[in-house]
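In the UniProt record's numbering, the protein residues as written are 1 to 236.
All C-beta atoms, glycine included, are put in the ideal place defined by N, C-alpha and C.
Take a look at the structure set out below.
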């Protein structure tokens, strides 16, 4: 676990050294606003297709400081029904300070200590694109399936392109099918379009925001981030 933790910390350190600390700061970086709105829209439209109950137990895998869970609080979910797991202690501590009643755990997502068939929905946000190790990715996906209730849901909020960078591995439809054994252990529910690919999306957000969603609608191949929902198939 120490090795995985170190690799994850190094990934984030290198990312912000390259991109700058305000890379994803919605208040100081104008390129972030409409990228964030499109990201949130994809989640909301995906959730609208589900028989949502606000007392659902929801687990965020690779939760960081709880940013993705914050959205669910805005949707009316209670802190006590939300759970998050991340391998970096500092990020978990940040989450606990921000949301003291959310159930945060510092641990390895490839071997979680949660009960099987426990959560109504298990989600991840931009985690798999950072995981280039196929074996490790598969172990996490298997764990996500294990802890999801039969007929429960798995929400994958991630990037479908890796932009040719070796430090990324896109969460394409083919990769989703393989990781989550779609057709056997899970079935496809929906896929909703979100943020545009970063160079174009950030440019549109900064200078042509009025046309952002027009471009998203008419040029779907420029959409980089999607929200995909799967449903766990009950064992017979």
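| query | result |
| --- | --- |
| Out of 111, 167, 129, 71, which has the shortest C-alpha to C-alpha gap to residue 42? | 71 |
| Can you grab the Cα-Cα spacing for the pair residue 86 / residue 150, in whole Å? | 24 angstroms |
| Work out the CA separation of residue 89 and residue 52 for me, nearest whole Å. | 31 angstroms |
| Whole angstroms are fine: how far does the CA of residue 184 sit from the CA of residue 232? | 9 angstroms |
| DSSP three-state label for residue 102, please. | coil |
| Can you have a look at residue 145 and say buried or exposed, based on whether 16 or more other CB atoms are within 10 angstroms of its CB? | buried |
| Within its chain, find whatever has a CB closer than 7 angstroms to the CB of residue 36; leave out the 5 residues flanking it on each side and keep chain order. | 26 |
| Taking buried to mean at least 16 other C-beta atoms within 10 Å of its own C-beta, is residue 137 buried or exposed? | buried |
| To the nearest angstrom, how far is it from the Cα of residue 199 to the Cα of residue 84? | 30 angstroms |
| Anyone know if the C-beta pair for residue 118 and residue 230 falls short of 8 angstroms? | no |
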